[in-house]
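Q: One structure coming up, written as structure tokens, with questions to follow.
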Amino acid sequence: MKKVITTLVFVGLTLSSAIAQQKTTSADIARIMSCMRQHSCKNTILTQSFDNLGEVIVFIDNGKRYSFYLSGKDAPEGFLSISVRPEGTSDQASLFGFADFGLDGSVDSAAQGPANWTDSRRKLFKSEKNPIAPATNLQFRQYWQNQFDEAIAAAKRSLFTSL
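Going by the numbering used here, the first residue of the sequence shown is number 2, and it counts up by one from there.
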């Protein structure tokens with residue numbers, strides 16, 4: 002009986018973790034891109050277009066302020082850049098951001114905090130797909146993918162429903 006209960010608890014925790022943290026798909030990115038380009042996203046506090054250079058939206062979800070920048074249609078390879086900070090803050094230490102080059106749902110570049118922090122403290126990460134710099138600190142890949150997935154989940158909650 003003791004083994005059965007332990008197994009059920011473990012399976013329950015695994016399932017609840019999987020449900021809470023869904024992997025971002027290219028379809029999720031496409032849906033967000035569409036609402037940004039068509040200016041149809043709901044619950045934004047800022048929507049701005051820079052002609053062919055890109056689109057910006059800013060929204061708040063669960064006490065965090067999200068800024069999404071989508072590259073313009075003329076960019077050779079599209080990318081989505083996301084900055085996140087606790088609502089009401091403006092310091093560099095509370096800011097973190099990441100980017101998806103190729104719009105496939107995988108984080109390719111990320112960092113947190115000011116540039117004068119060490120790479121380790123900033124959790125500076127650059128994937129093999131990053132077109133700007135060589136791969137760096139690949140041990141932070143999953144940490145940043147989780148943050149990216151959380152930001153996309155926040156966008157799906159906020160941008161497509163009326164609050």
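C-beta atoms are modelled at their ideal positions from N, C-alpha and C, and glycine is treated no differently.
(1) Helix, strand or coil for F141, going by three-state DSSP, please let me know.
(2) DSSP has K65 in a bridge; who is on the other side?
(3) Pull up the DSSP beta-bridge partners for T48, would you.
(4) For the beta strand (DSSP E) containing S107, name the first residue and the last one.
(5) Determine the DSSP secondary structure at A190, reduced to helix, strand or coil.
(6) Quick one: give me the first and last residue of the alpha helix (DSSP H) that D29 is part of.
(7) Could you name the residues of the same chain whose beta carbon sits closer than 7 Å to that of I61, not counting the 5 residues immediately before and after it, in chain order?
(8) Does T119 pass the burial test, meaning 16 or more other C-beta atoms within 10 Å, or should it be called exposed?
(9) Please report how far the alpha carbon of K24 lies from the alpha carbon of D52, in whole angstroms.
A: The structure says:
(1) helix
(2) D62 and P87
(3) I58
(4) Looking at the DSSP string, S107 is not in any beta strand (DSSP E), and its letter there is neither H nor E.
(5) The requested residue 190 does not occur in the structure, where the chain is confined to residues 2 to 164.
(6) S27 to R38
(7) A distance below 7 Å between beta-carbons, with the five flanking residues on each side excluded, links I61 to the following residues of its chain, in chain order: I46 and E88.
(8) exposed
(9) When rounded, the distance between both Cα atoms is 31 Å.
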